[in-house]
Structure formats: C-alpha cells, structure tokens
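Contents: one structure, followed by commentary.
In the working numbering, the protein residues as written are 55 to 1143.
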C-alpha cells in the first residue's frame, strides 16, 4: 500500500507541476501576442524587452525541457506572429497541429525515397570466369578505391570512376571467401577455404600477377577483416573466422613478403609461405560457422557472429583471443548471419534466419533495445549510413529495406527484380559514403545512388519559372524572399528549404517587380515595379498594407524603380522608403498608418548637368520646412554658377544613376550613387555638398565604336564597422578553412566546421537584405566610447574590377578578382554587419569571397585586403549574393531561375530552394556540384600570385654583336673534346651570342614623306629612321681570332727559332684548330660593298 500511495503522490505531483508549467506557458503566449499587436500598431518596444524567437525558444525549453524540437517551436512562433488573434493550444508546441493533410501522402513519392532505384547503375566485370559471382566487396575510403573478389579467384581494383585500375587471377583450387585491405602494408589480403592470399596490387609489369600464399590452415576460412593499427608501421593484424567456430589473429610484417632470390631465371607467379612462421593466436568462440567478423575502432574491440543460437554474437577486445576469460555474448534464435555498428546511435544491429533486426547496446547483452520487423526471408547483409542515420538490410529474396535508426521506422522498401529468387543471388553489400551509393555484388555489380545525390547533381536547380529579379533575407524570421520576372513572390524557410507561401501578380497582371526591401524589424517588406508603383506588405502573412498608385502622366518605364530602402521613421505609425527610379530620380515615399496610399514627399534634385560641365563639387542650400512628419534628409536646393547652368546636356551620353546606397549614423548623413558612365557622386547632407568622387577618363566621349556602358558601375556599398561590433582577432574573423588574416598559412577547406565568426554579436536585429546594408548604418546609433571611423566605398564595375575609395575620392585598392576567366563584369556586392567579409557576384556565375576585416582598420593597408575563395555557383549571371552569418551560408540568385545555398567556408553546394528534399546545412565531407557547374572551388593561397602578377612577354632571341666580340673562340675550342671520325666539328659561338632584344624606351622618330611619285598608298606611309647596322662583310670567320691569337702566342714562345718555320706552323695550326665552316654566311645575307 505504501508503494501505491507513493506512486499516486508522485503522479499527482507531476500533474500539478505540469499544470503550473501550462499556466506559465499561457502567460508567455499572452505576453508575446500583446507585444506583436503593439509592434503592428507601430509602438516602440525597447530591444531588451522585445521577445524575439531566441528568447521565446529559450523560455519554452526552460518550461518543457530540452526535448522540445526547434522546428515545432518555430512553427508555433510563426503562427503566433502571423495571427496574434488566433487560438493556440499547448500541444502545438510539441508538433501536434490540427491539419487535414496526410503527412504520409508524399512519403512514398519516388523523389522522396532514400535510394533512387530507377537510376541504378550496373558494372559487368570483364575477364571473370563463367558463372562467377562477386563474393566480397571492400571500400577503401582514404584511397577512394573499391576492391572486389569473385568466388573463382578474380580480384579487381576499381578507382573512383568505377574503372578497372588493376586485377589479378588467383589460380587456386579453392574458392575465395573474403578479402580486405592491409592499411599499413598497402596490399590486399584474400582468403580461400584453406589459404591466405596477399597481393601487391601496385606492382608493375610481370610482377603484377605475383602474390603470396600462406598455408596450410587448420579449418575452412569463411571470413576475414583487417585490424587498423595507425600506431604500428609495416605491420597488420588479420582476423579470420572459420567453420569450426574459431577466431584467429594473424600478424603479418613487411619483412615476411620480401622478394627472395631464385636460381631459376623464370619468376614464379606465386610464392608459398608457411603459416607456422607467422605469429598467430586463435580461440574457439562459437559452436557453429563464423559468418562475419569485423573490427570496430570506436569500441576498440572486434565482433564475430555465428549461426550458433547461444553464442550468436561475441563482442570483445583482441586480448581475449590470447586467454580464456569470459567474453560478451549476445544470444538470438537461429543465430546471426551479419551485423553492423552505428557510431552515432551507439547500437549494434544484427540479423539472421529469424528475419528480425535486433538493436543491441554494446554493453547490454541480455536484451535488445529495439527490434525491426518486416523481412519475410532470412537477412543476409546489413550496412549503415552514418550521415543519414540509416540502416539498410538485405534478405535472401533480394529485398532491401531502409530503416531510420533514430525513429525505428522503415523509410523505403525495394527489391532487385532481375532473375528469380535463386538466380543472381546477392552475396555482398556495402555503402559508399564518399559517393552516396549502395553497392551490391552478385554476378554483376549494382550501384543504387541516393536520391539527394541525383537531385543535387543531375536535376537542374529550379526555384522559379523565370529569372530571379530580387532576393532578400529576413534575419528576424530566418526566411528568404525571392521575386522572379514573372512577378511571383515566394517566401522560403532557410533551414529546411520549404516554401511557406507565395503571392501571384502582386502589383497586377503582367506587371514586373524590379526591386524590394525588408524593414529592420522584419515584419514588413516593400516591393517596386517597372511602372513605378510601390506596395508595403506584411511579411508574416503576405497581406498588402499600403500602395503608391501609378501617376496619370507617367511615361511608360520612365518611373520604373531600381532600388528601394526602408528608412528609420522618427514618428510612430509611419513608414519612409527611399526609392531610385530608372530615370535617375531619388525620392522618399511616405506611408501613414491611417492612409491606404503612399505619397512622394521628397525628391533630390539632379546635379549631374552641373558636375558634368562645371566644377567637381556643388554646394546645396538646405532648409527644414514644417512637415507633418520629420524625414531624415532636409529639403535641398543646388547653388550653381551661371556659367555651369547655361551648359546643355549631350543626349548621346548616358549619365543615368544605376545604383545607390545610404549611410546614416552619428556624424554622417550620406547618399552615394554610381552612374552608367562610371561616375561616383556623393551627397553629403552634413556639409551640404554634392561631390564628384571619381570620373573615368573619356567617360563623356561619344565614340560609336566603343561600348557606352564600359565604365558602368553595377553596385556600390558603404563599408563601415558599427561601434557595437567588438574587434575580434583576425583568426576569429575568418574561417579556418580559408586563408586567414593572421600569420597562419592557408588550410584545406574540406570538412571544416569552424565558423567564420565564432560568436555572433548580440542585440543585432538588422536585416541583411538585397543591396540594403545593415540598418545600424542607416540610423543614428547610441554614443559609444569607440571612435567611429569614416566609411569606405566599394564599387563593382563593368570591367570586372573591385575598387575601394575614401569619401575624398582616394583610391585605396583596385583589385581584379581571381576566377577561372579574369575581367568578368561584377553585378552584386554584399557585406556582413561587422564588415569582416565582402561577397561579389559576376555575370558568369562566380562568387568571390574576400576578407576585409583588417583592411578597414586605418591606415587601410591594401595588402590586408585578401581574396579567400572563388567558386562558380551558376552557369549564368548572378543577380544577388547574400551571406548568412549565423549559418555560415552564402545564398545566390541568378537569371537561370534558381536560388542556391552554399557553405561559405568551402564553397560546398548544399542545395536549392524548391527541391523535394529538405536541406542538410551541416558541413559535410562529400563534395557535390549542380549539374550545370563543373568547376571546383578555388582557394586563394597567396593573392599576389594571381591578382597582382605582372604579365611577362617572351621575345625571340637576336644576334648580339657586343657579346660576339667579347667571346673568345680559342677558349671554346680547347674546352671541346677532339672530334670523332665522321663527325663534323662546329663552333657554337654564334648561338652563345644570342640574347633577348633590348627594348628602347624612346619611340622611333617618324615623319610623312609627301612623295607623290610613290603613289597614294606608299607615298603616305611613315618612314622610321633607325641606326644603320654594322656591315656584315667585316664579320670574321669563326676561329680566325683563335688562329691569330695562337700564332702570336707561338711567336712569343719561339723567338729563337728560324723564320722559315712560320709558314709550316701556320698551315698546321690552320689545319688542326680552325673549323672549316663559315657561320656568318649561313645566317646573314651577303652585303655588297
């Protein structure tokens, strides 16, 4: 009775605690809904009191524990934000939403299956014997090799493209039962029924067929595996299982397989080694055949399974083979045919003739922790997919079942329909994690690819039906908004890639949307169309709130919008939008809470005519007139001189504004614009000036042969680090997979999981959207002890250059980003809130990632601006690039209609919005590319080698007369060996006199001839005067100088001899020393005297 009372009391206490938790949860929901209603009403809420998703999720975890799923809480929070007046139930926080949709409706859709059976690939092994089968498959991940062993002795090694790299044929009377790879000896070991085969697959020529045979064996060998010993060199341990229930360990060394000298010249194909000469231990662990043996490095033990019902599975360390101590035994009816170990789940899965998959904890052998039932025939193979947490089982009827090891549910069932149950039996199965492939061995090799691998690499990414015009990221909701040229607005969930909602024809039928922006809170977004209309929408529900209608006297497309920016309104219940029209007009659009329509309240005058023909700076007259609503910019009027005002515009020159950016913070109130003809105009409302920062040469020329848009600035962005961004060390600002600002060298980008920014700046709720920069730079911020540095301008040009400027117009850095093809027009720029990295996209689909963290610190050393990574994301032009700091992701939108997701640290492809499967945003080791991209990411090790390398030219060698004169033929003749019979002796003095041409820096002097007799063509050609070369008739024969010098030498030494001997000595010297060849006549034409 006491125990029952205690249980009842405990249950009642739990109920009371849960009721109290529900009361606290209801209060949290009430407080959150009230706050959302106040935000929609335009009331100001302090940042420390605001309940964002992170605070909401943390509070829910405190109430209900850490078992609450993030996705379920996010769905509940989204519903709460979209409709605060709706009714809520506490069970929805656990994912139990009332819905009529069947969650399993699309579960068996082929595109959602784990393996895409329709894309099965088959490889037939050539050279195998008749009715031969693949008995064993081994994957070597570190070498990306696949080893197959057929039953009749054919061992084949395949490379990563499934091409035969090498093979050998074992001539043994016994069948092969298993094989594995010796990691230390770099050889392949295979077992037959009575022998062990060791083959050096890397041998060349005739040695390729050479292998070693270790025999005899006491029992029939059935399985083999290699124990990886990373700390041991030139030694491997081999585990063997036989039909007597014994498990043996053989130790092999590299010295055991040294080539022995034989007296016979003919090299034997096989070399027999005595098994007694090897160190081996064995122990009887089973009472029946050992069906499978594997070593598990994570558990530091081996496992062997048998058909024995009592000793079905043994799991122990290698030391137990040397003694008779008890071992861990797992018992199951009718034994086990196979098993595998799942590292992450920490379970061992077994299967046998009883058709049941059992899940065991490695330390609990009395009872399985779970069972998977579904097979109708004996289970013969089990493999695991660690990344997806899947277990694949195969029955003797060739039926495959894919299980989720976490939920213990079946995900897919398929079978090999070719042949009958007894025909083409499958003997082996492995999972290739490198390529996402399930490989089976029968009389052929079948490969079943993962569906996600086919979707990522074979299917064309497709997010919209038409090209993308706008892509925005809402940091508050972690959602992405995209707009295509067909005027379809879609909102996607970033973490899953699922579409939340879409809006068709938002501005009317057949009206194209050209720009958009999201406000700093994330609750509103605005869109602009080519006809000049503007609308404000509720981001959560997608409902229209306000609209700026089209003017009656507007010319078609003249008022089309290029850029939109939300400005910080100083009055509650008001909205301010800065807009750039196609005709270059910059204006502010106002929206009041009570009005349904938006109105234009401010317009910036056109200063281009005065800057074009007048001075480089124009002053403004500012006035703050009485307005119902304060705006961040004053009313301005240009103060110009009469001389500059009288100039007329040249209609042939396109001076329209193509892009703008806004920078508003304490001490700065700026608007910068980039024009089509390459000018950078800065509007400074603090100093009341309009300044021309940069003007290219010949930007006002009207040459019809030149592209009028060659100087165009496609994007312009302010770079400034807000005061609240704490200065971090350079190695924290850039990810470890790319080159850092610190002294550390470049590292490999594969498999890196370190964040680009290890910690996220707290309190930043700024939206990184489109061309919009962080809102902290567009509104006044609180005073800080950190002195604010003046911003820097970065421009993306049509000529492919990336240029950085000061506000005074000084060029700080001019870089041509390194891609596969240089000088590609840049289209888009983006930077993170703290300006640590800079992203750029170009017209050929490349993404350029640069480090600017140290560069922004004065004195702006150009060597600290480094390009880190470059990869091709699309085959067509990129419209927008966005960096998601907390997820370490890069989003790219292109005119090909797709929005793709990439790992920012390595350029690895994650997927695209609109795909059937959900995103897997974790850093993975397997590397895949979309079907329309074939270029791998390029990691820039040293920037100077690529971006600042001076181009060198090679010129043909020419004859250098000065070198000819300085060279002594006598020294060359004495250094050479005497000529052999029938060999012509040459003097290479001429070739040693060749040198590179000397380029004269001064241009040649030329003049017009006015020679009428030469004709209209030749008479008008310029004539250049060059110094006349020395006549070649004075060029001596090769060897003449040596002859003269040698004769003089002989005269000096033989002063006492008679003179009559001089002629004979000269003849002998000429006959013996002087080559009978005149190279001057061979290389230079004869010149008349």
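C-beta atoms are modelled at their ideal positions from N, C-alpha and C, and glycine is treated no differently.
Measure the CB-CB distance between residue i and residue j and report whether it falls below 8 Å.
i, j, result
"residue 944", "residue 967", "no"
"residue 779", "residue 888", "yes"
"residue 894", "residue 902", "yes"
"residue 716", "residue 502", "no"
"residue 963", "residue 886", "no"
"residue 167", "residue 553", "no"
"residue 725", "residue 640", "yes"
"residue 844", "residue 772", "no"
"residue 583", "residue 567", "yes"
"residue 405", "residue 342", "no"
"residue 948", "residue 522", "yes"
"residue 647", "residue 627", "yes"
"residue 987", "residue 929", "yes"
"residue 654", "residue 665", "no"
"residue 439", "residue 433", "no"
Since residue i sits in a beta bridge, which residues does DSSP pair it with?
i, result
"residue 947", "934 and 953"
"residue 444", "439 and 458"
"residue 354", "Answer by DSSP bridge pairing: none, since residue 354 is not bridged."
"residue 491", "486 and 503"
"residue 657", "641"
"residue 850", "769 and 856"
"residue 939", "Paired residue(s): none; residue 939 is not in a bridge."
"residue 466", "456"
"residue 926", "900"
"residue 349", "356"
Tell me the DSSP secondary structure of residue i in three-state form.
i, result
"residue 331", "helix"
"residue 503", "strand"
"residue 622", "coil"
"residue 59", "helix"
"residue 993", "strand"
"residue 124", "helix"
"residue 372", "helix"
"residue 1100", "For residue 1100, the predicted structure reports a pLDDT of 44, less than 50, and the residue's modelled location is therefore unreliable. A value from the coordinates is still provided. In the structure shown, residue 1100 sits in a helix (DSSP, three-state: H, G or I)."
"residue 832", "Annotation note: pLDDT 45 at residue 832 (below 50); position unreliable, no value reported."
"residue 105", "coil"
"residue 684", "coil"
"residue 587", "coil"
"residue 568", "strand"
"residue 863", "coil"
"residue 725", "strand"
"residue 664", "helix"
"residue 76", "helix"
"residue 303", "strand"
"residue 884", "strand"
"residue 111", "helix"
"residue 89", "helix"
"residue 278", "strand"
"residue 919", "coil"
"residue 969", "coil"
"residue 394", "strand"
Between the options, which lies nearest to residue i when the distance is taken from Cα to Cα?
i, options, result
"residue 417", "66, 71 and 369", "369"
"residue 123", "843, 78, 146 and 932", "146"
"residue 189", "234, 847 and 845", "234"
"residue 423", "433, 411, 287 and 429", "411"
"residue 280", "298, 242 and 859", "242"
"residue 197", "222, 237 and 175", "237"
Of all the CB atoms in chain C, is at least one closer than 8 Å to the CB of residue i?
i, result
"residue 619", "Judged by its chain identifiers, the structure shown contains no chain C, having just a single protein chain."
task = Please list the segments of the alpha helix (DSSP H) lying wholly inside the segment 187 to 244, counting only runs of 4 or more residues, in order along the chain.
result = none
request  = List in chain order: all unbroken alpha helix (DSSP H) runs of 4+ residues lying wholly within the segment 522 to 562.
outcome  = none
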